[in-house]
Amino acid sequence: MSNLKTDVIIIGCGPTGVILAHLLGKLGISVRIIEKEEKIFPVPRATHIDEETLRNFQATGLMPQLEKFTSTFGTMEVYDANGKRLFHEEVIQPDSIHDYIGSRFFDQPEFENILREGLKKYKTVELLTGIEGTSISQSTNEVTVTGKNNGTNEVFEFVTSWVIGCDGGRSVTRAALNVEMDALEPARDWIIVDTILKEEAFATLLPNRFQYLFLPERLTIYAHGFGKHRRWEFQLNKDEKAPSDETVKKWVSKFVSLQKVEITRIAKYAHNSLVARKWRKGKVLLAGDAAHMMPPSAGQGLCSGVRDALNLSWKLSAVIKKEASEKILDTYETERKAHLNEILKRTLFIGHRMDGDNSLQKFWRKFSLQIIEQIQPLKNYLRKTYNTPPPLKGGCLNLSSSLAGHHIPQTIIADRNLFSDDIVGYNFALITFPGKLSENQISTAKEKSIFILHEHVEIKQTLLSKWLDKHNSDFVIVRPDKIIFGNGKANEYENVMSEFEKWF
Ligand SMILES: Cc1cc2nc3c(=O)[nH]c(=O)nc-3n(C[C@H](O)[C@H](O)[C@H](O)COP(=O)(O)OP(=O)(O)OC[C@H]3O[C@@H](n4cnc5c(N)ncnc54)[C@H](O)[C@@H]3O)c2cc1C
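Pasting the structure below:
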């Protein structure tokens, strides 16, 4: 292990840290990523990822390997204490533009394994496992991270220009920055039980559905999961102490014989709704659970950490390469925090539909879910409102453009199954069609190293052109995270570019 100064140190190689390392590696940034555990935690925490997150994982170039460890999420159902179905929903983003249809279960340990192995392709990325970050100090120009080898107790000092704390809910980085978290709601304790079916054939003994069960004793969640993984979550009543493992096993045995499953984990965990007050201090930034935590009701915690990584990497790279000033890093918090707060609000909305701590809440949850189920336009409205990811509303965007802050659709381009994201890569891109912009306009984009899509591939299919027409646009400038910076008719191009030039 060398202790040469790197551009970036990432503390924590969970889902957020590993994606960040991939993207920075792709951009040629030198990264040292330290992870306190020697091995990947073998039991999944997250089980669900949405369409946008699948697309974001695609940015690593590892989708062909990752996709094998995903399966359709399918239907979510809610049942009352008498076994009557109150509500059901296909977990799918309406009109998803990401080229993935429907949320998916995934195998988190396999994902992390593939992603960590994948880091080996970057010459500038070094992953050090078994090294725990213990303290951080920064001066104007550099940051020193002290790390301890958990096996030998040897202590190291790593010097770097930037530190990103991706070290989860109990973040040492956040503590070192002395950053507090705001709680949007009080925490609520749950018991989680992860199991593996002993035989594939036992799958028929349990529903292949994600279910909320309003049992008289407690709110219970059952998730059919990826492969043979099956999970139960039991909400503890307020002030209830954590039960013994034997008690929890009895709870599970009401659903399936314990002879048919192997229990891999019984744990108590808290549903937190926490957002760090600041996501950056000087040359140290926070991402993923280190910056925010949310209950898993909408399966968005990991998805949000991955979004952080997609949003931050290109900005940090531009600063390191002196292509942009540090001001752009402030847009990371502006953009992500507003988006995160919206996702958290939606998560809490879903969670509150299931609350049943007293008879009034029990009556209301049943009544309101039945109403939503029966009134299709209301259900459609809620689906659209709560299942369509919000756009970014401010930050590094040309805010006067109609599509600024929205995702560009991902489409298959040409007749060779080429996905637009794969061709563009993690770069700025100009999407237009020959003849729409002048040569002069295109050359100003080239001077700024913007990738001109139609110069690299013949775009045969018309989906993108139809989409541009629908939005009355001759061109779109897309950021590396596939968020639209600006768009418009040819005569608006100079305005969009001049806004771009304020940043780069
Ligand atoms: C029961 C449960 C169910 C969930 N379900 C979903 C879901 O379905 N979908 C979803 O999107 N999200 C879900 N989540 C949330 C999701 O698991 C987290 O949001 C996600 O794991 C956060 O990733 P992260 O990389 O930011 O942090 P973590 O996963 O916590 O990773 C942090 C990493 O940093 C390492 N580390 C910590 N401290 C140090 C240190 N000092 N030095 C070096 N390394 C350090 C840790 O060992 C770890 O590897 C769920 C969470 C729980 C608990």
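Going by this note's numbering, the residue at position 23 of the sequence shown is 23; the numbering climbs one at a time, nothing skipped.
Don't be surprised by glycine CBs; every beta carbon is placed ideally from N, CA and C.
Proximity test, residue i beta-carbon vs ligand 1 heavy atom, cut-off 7 angstroms
i      : result
Asp167 : yes
Val125 : no
Ala187 : no
Tyr269 : yes
Pro42  : no
Ile10  : no
Ala290 : yes
Ala46  : yes
Val172 : yes
Gly395 : no
Lys26  : no
Ile477 : no
Gly301 : yes
Thr16  : yes
Glu154 : no
Gly133 : yes
Lys36  : yes
Pro296 : yes
Ile49  : yes
Asn101 : Looking at the sequence itself, residue 101 is Ile, so the reference to Asn does not match. Not so, every heavy atom of ligand 1 lies at least 7 angstroms from the Cβ.
Residue i classed as buried or exposed, judged by whether at least 16 other C-beta atoms fall within 10 angstroms
i      : result
Val155 : exposed
Arg170 : exposed
Phe210 : buried
Thr140 : exposed
Asn491 : exposed
Leu286 : buried
Phe363 : exposed
Glu378 : According to the sequence as given, residue 378 is Leu; it is not Glu. Exposed, since its Cβ has fewer than 16 Cβ neighbours within 10 Å.
Asp95  : exposed
Asp182 : exposed
Lys482 : buried
Asp245 : exposed
Asn82  : exposed
Ile101 : exposed
Ala290 : buried
Lys198 : exposed
CB contact flag (residue i, residue j, <8 angstroms)
i      : j      : result
Ile484 : Leu430 : no
Val33  : Val125 : The identity of residue 33 in the sequence shown is Ile, whereas the question assumes Val. Yes. Within cutoff.
Pro409 : Ile97  : yes
Leu508 : Ser317 : Outside the shown range of the chain, which is 1 to 504, sits residue 508, and nothing can be said about it.
Asn272 : Met293 : yes
Thr75  : Glu90  : yes
Tyr386 : Arg346 : yes
Val8   : Ile221 : no
Val18  : Arg116 : yes
Glu38  : Thr129 : yes
Lys489 : Asp469 : no
Phe428 : His454 : no
Ile10  : Val31  : yes
Phe106 : Thr16  : no
Asp194 : His224 : no
Leu86  : Leu369 : yes
Lys238 : Asp357 : yes
Pro44  : Gln108 : yes
Arg218 : Phe202 : no
Ala270 : Arg188 : yes
First through last residue of the alpha helix (DSSP H) which encompasses residue i
i      : result
Ser359 : 359-374
Trp279 : Trp279 -> no alpha helix (DSSP H), and no H or E assigned at all.
Lys5   : Segment: none, Lys5 is in no alpha helix (DSSP H) and carries neither H nor E.
Thr247 : 245-253
Tyr332 : 327-353
Ala404 : Counting along the chain, Ala404 falls outside any alpha helix (DSSP H), and DSSP gives it neither H nor E.
His98  : It is not in any alpha helix (DSSP H) - His98 carries neither H nor E in the DSSP assignment.
Leu567 : What is shown of the chain runs 1 to 504, which leaves residue 567 out entirely.
Thr53  : 51-58
Minimum Cβ-Cβ distance from residue i to chain C less than 8 angstroms
i      : result
Gly147 : Absence of chain C from the displayed structure is noted, only one protein chain being present.
Where the beta strand (DSSP E) through residue i begins and ends
i      : result
Pro186 : 181-197
Leu397 : Counting along the chain, Leu397 falls outside any beta strand (DSSP E), and DSSP gives it neither H nor E.
Met76  : 75-79
Lys148 : 143-149
Val31  : 31-35
Thr220 : 219-223
Gln138 : 131-138
Ala429 : 429-432
His88  : 85-90
Residue i Cβ short of 7 angstroms to ligand 2 heavy atom set
i      : result
Gly305 : With respect to small molecules bound, the structure shown includes ligand 1 and not ligand 2.
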